[in-house]
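*Asks:* Numbering (mature numbering (1 follows the signal peptide of the UniProt record, and there is no 0)), first residue to last: -22 to -1, 1 to 169.
Structure incoming, see below.
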Amino acid sequence: MVHKSTLAFLLLSFAISAQVHAFWTYCKPHNARFEHVQELLHNAATGQEAAYLEDEKDQTHPTLQRILERLDANRARLKSAMVTMEMYTSNKLSDYSVHRTDGLLVDDLERVFQLLELENDEVLQKLQQQHEDHKVKQQEEDELQQKLQNLNAAKSKLEQTIKQQNETYVKANATLVNLQKIVKQQELERA
């Protein structure tokens, strides 16, 4: 009896570990071996041992049952994530008009990344060209700003010179008026 339960426990633990390990290594090139092992374990468990293990499940320690349930829940969650990732990848592949040839998700993603890299290179070249154009325009604008500042400085100097000339003109006019008065007074005194 103990020998059968030990054998059943070993078979169950080997099946679970193979299942978990096969899931984690599913995307690797050697996944066919694990699928073969899973198939052998499934075929072996469909005989008398399967009924025996089903009866033993109720007698399994509660901690082990919780661990197995947690592993099963994690496996279900990971399978759901895998299905979601497959759907997302299929949608992205259809967005970029790439069709699966060999069914390997990694190869499909690599093709998508190559397409994205080509698109990014084109966008990067456009951005670099726009940046160069912007630099040229910025330099032209800076030159125009400098010319405008020089013109404003020349304008203020010209205004200052005009103001000084106006003041000189006003003084010269005042002096002329005074001289004319003096000349008139001297003519009046001579006459």
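Just so you know, even glycine gets a beta-carbon here, dropped at the ideal spot from N, CA and C.
(1) CB Leu87 to CB Thr67, shorter than 8 Å?
(2) Which of the three DSSP states, helix, strand or coil, is assigned to Ala152?
(3) Starting from Ala169 and walking both ways along the alpha helix (DSSP H), at which residues does that stretch end?
(4) Output the distance between the C-alpha atoms of Lys155 and Val161, rounded to the nearest integer angstrom.
(5) Since Val90 and Lys70 should fall inside the 8 Å C-beta cutoff, what is the C-beta to C-beta distance between them, to a whole number of angstroms?
(6) DSSP on His39, reduced to helix/strand/coil?
(7) Among the residues of its own chain, which have a CB less than 7 Å from the CB of Glu110, if the five just before and after it don't count?
(8) Going straight from the alpha carbon of Asn128 to that of Thr139, what length do you get?
(9) Roughly how many angstroms lie between the CA atoms of Ala131 and Lys125, to the nearest whole one?
(10) If we ignore side chains and look at the alpha-carbon of each, how far apart do Val114 and Gln107 end up?
(11) Within 10 angstroms of its Cβ, does Leu(-11) collect 16 or more other Cβ (buried), or is it exposed?
(12) Taking only the alpha-carbon atoms, compute the straight-line gap between Asp99 and Gln92 and give it to the nearest angstrom.
(13) Taking the alpha-carbon positions, what's the Thr(-17) to Ala51 distance?
*Replies:* Reading from the atomic positions:
(1) yes
(2) helix
(3) Element bounds for Ala169: n/a, residue is neither H nor E.
(4) Before going on, a small fix: residue 155 reads as Val here, not Lys. Val155 and Val161: Cα-Cα distance of roughly 10 Å.
(5) 6 Å
(6) coil
(7) none
(8) 16 Å
(9) 10 Å
(10) 11 Å
(11) buried
(12) 10 Å
(13) 26 Å
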